[in-house]
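Below is one structure, written out as structure tokens; the observations come after it.
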Amino acid sequence: MKVINALNKNIEKISNINPINIKTNEFIISIPHSGIFIPYFVKNNYKIDKSMLIGTDIFTDKLYNIKNGIIIKTNLNIYILNMNRFKKGSNKKSLSLSMQQDPFHEPSLTTEKILLKEPSLDQKNILMKYYKEYHQLIIDNINELKKQHGYALLFDCHSMNSIGLTNSPDSEKKRPDFTIGTLNKSSANEKIIEYFLKKLKNETTKFNYSIKIDDPFKGGAITRLYGIPNQNIHTLQIEIKKKLYMDEILDVKSNKKIILNTKKLKIIKKIIENTIVHTSNFVKKLYIKNFD
Numbered sequence: 046m047k048v049i050n051a052l053n054k055n056i057e058k059i060s061n062i063n064p065i066n067i068k069t070n071e072f073i074i075s076i077p078h079s080g081i082f083i084p085y086f087v088k089n090n091y092k093i094d095k096s097m098l099i100g101t102d103i104f105t106d107k108l109y110n111i112k113n114g115i116i117i118k119t120n121l122n123i124y125i126l127n128m129n130r131f132k133k134g135s136n137k138k139s140l141s142l143s144m145q146q147d148p149f150h151e152p153s154l155t156t157e158k159i160l161l162k163e164p165s166l167d168q169k170n171i172l173m174k175y176y177k178e179y180h181q182l183i184i185d186n187i188n189e190l191k192k193q194h195g196y197a198l199l200f201d202c203h204s205m206n207s208i209g210l211t212n213s214p215d216s217e218k219k220r221p222d223f224t225i226g227t228l229n230k231s232s233a234n235e236k237i238i239e240y241f242l243k244k245l246k247n248e249t250t251k252f253n254y255s256i257k258i259d260d261p262f263k264g265g266a267i268t269r270l271y272g273i274p275n276q277n278i279h280t281l282q283i284e285i286k287k288k289l290y291m292d293e294i295l296d297v298k299s300n301k302k303i304i305l306n307t308k309k310l311k312i313i314k315k316i317i318e319n320t321i322v323h324t325s326n327f328v329k330k331l332y333i334k335n336f337d
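For the sequence shown, my numbering begins at 46 and goes up steadily by one.
If you want it as structure tokens, here you go:
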């Protein structure tokens with residue numbers, strides 16, 4: 046597919062929209078918001094600038110590229126197609142403005158308008174094929190893990206800005222370093238949630254990082270669709286503050302460049318890798334012991 050790279054505005058070609066990397070059959074890592082590419086056939090529908098990148102979980106494909114697991118990501122930008130929204134949106138007013146939207150209408154986190162012109166029905170139909178493909182990859186691998194182990198463990202992986210920006214559920218509020226979304230402790234067995242949090246706290250103690258549960262994010266569509274512990278599908282949404290691993294930009298008028306800090310990335314990646322892998326081993330033992 047012919048695309049535009051939102052980071053440098055270069056025209057490129059990519060062969061795989063939703064790549065999957067099967068390293069080990071232990072758990073699934075979903076990375077739905079790291080994509081930086083805009084299909085060339087909708088390039089005139091969007092304003093491609095820093096505002097788009099401020100709302101993107103930039104570099105999370107590197108942050109969560111750990112040594113274990115089944116890693117699923119999309120190369121499409123969140124503003125073109127948001128894999129973490131319900132196919133037809135939601136009319137539940139209890140959800141945030143963003144969570145009420147369908148995959149084509151992610152609100153801008155700045156005062157700059159990103160969607161300039163609504164994609165045509167034909168364009169949406171093309172894009173929706175990739176939405177369905179992404180979710181089918183999750184479903185197929187959940188089923189495969191359940192077949193192998195009797196359960197599936199899914200981590201939906203994100204990053205967040207240091208403060209809540211425009212159209213965020215926590216606008217202007219300072220955010221923690223880590224947020225774990227559990228849908229009020231219902232998206233996974235409570236023993237799994239407790240172990241994950243305990244391990245994360247142990248891993249971050251010497252850095253004095255702050256951790257919150259379900260604040261400001263409880264979980265997006267992926268957590269809500271696939272967090273079904275009574276069917277042995279356990280899902281957690283992980284949010285990591287961007288400034289912990291990159292040079293963060295919050296203002297679209299800033300002259301700063303969006304740059305990955307490789308030294309910081311190495312530290313945070315090790316923290317999250319250890320936490321996920323140890324949690325996976327814990328879940329395996331839980332099922333062997335039948336949760337005794």
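All C-beta atoms in this analysis are idealised placements derived from N, C-alpha and C, irrespective of residue type, glycine included.
In this text the structure is predicted, and so the values were computed from the model without any measurement.
With DSSP as the reference, label D337 as helix, strand or coil.
Looking at D337 - three-state DSSP - the assignment turns out to be coil, as it is neither helix nor strand.
What's the C-alpha gap between L331 and Y196?
In a straight line, the C-alpha of L331 is about 11 angstroms away from that of Y196.
Which of the three DSSP states, helix, strand or coil, is assigned to K174?
Here K174 carries a helix assignment [DSSP, helix/strand/coil].
Going along the chain, which residues of its own chain have a beta-carbon closer than 8 angstroms to the beta-carbon of T320, five neighbours each way excluded?
Counting only Cβ-Cβ distances below 8 angstroms, and skipping sequence neighbours, we find F241, K244, L245 and E248.
First through last residue of the alpha helix (DSSP H) which encompasses S143
Residues L142 to Q145.
Exposed unless 16 or more other CB atoms sit within 10 angstroms - verdict on N89:
By the C-beta density criterion, N89 is exposed, having fewer than 16 other C-beta atoms within 10 angstroms.
Going by C-alpha distance, which of K287, I93 and I115 is nearest E189?
Ranking K287, I93 and I115 by Cα distance to E189 puts I115 first.
Report yes or no: do three or more beta-carbon pairs, one from the stretch 163-175 and one from the stretch 222-229, lie closer than 8 angstroms?
Because the criterion of three Cβ pairs below 8 angstroms is not met, the stretch 163-175 and the stretch 222-229 do not touch.
Candidates N53, D106, K177 and K92: closest to L310 by CA position:
Looking at the Cα atoms, D106 is the closest of the given residues.
How should F82 be labelled, buried or exposed, when 16 other C-beta atoms within 10 angstroms of its C-beta is the threshold for buried?
Result: buried.
Which term fits N122, buried or exposed, when burial requires 16 or more other beta carbons within 10 angstroms of its beta carbon?
Around the beta carbon of N122, 16 or more other beta carbons lie within 10 angstroms, which makes this residue buried.
Select from G272, T250, Y290 and Q276 the residue whose C-alpha is nearest the C-alpha of Q282.
It is G272.
Contacts around Q322, its chain only, beta-carbon distance under 7 angstroms, and the 5 residues preceding and following it disregarded:
Per the sequence presented here, residue 322 reads as Val, with Gln not at that position. The answer, listed in chain order, is N113.
Using the C-alpha atoms, what's the distance from N326 back to E217?
Roughly 38 angstroms separates the two Cα atoms.
Answer with buried or exposed for F336, where buried requires no fewer than 16 other C-beta atoms within 10 angstroms of its C-beta.
F336 counts as exposed, since fewer than 16 other C-beta atoms from the protein chains shown sit within 10 angstroms of its C-beta.
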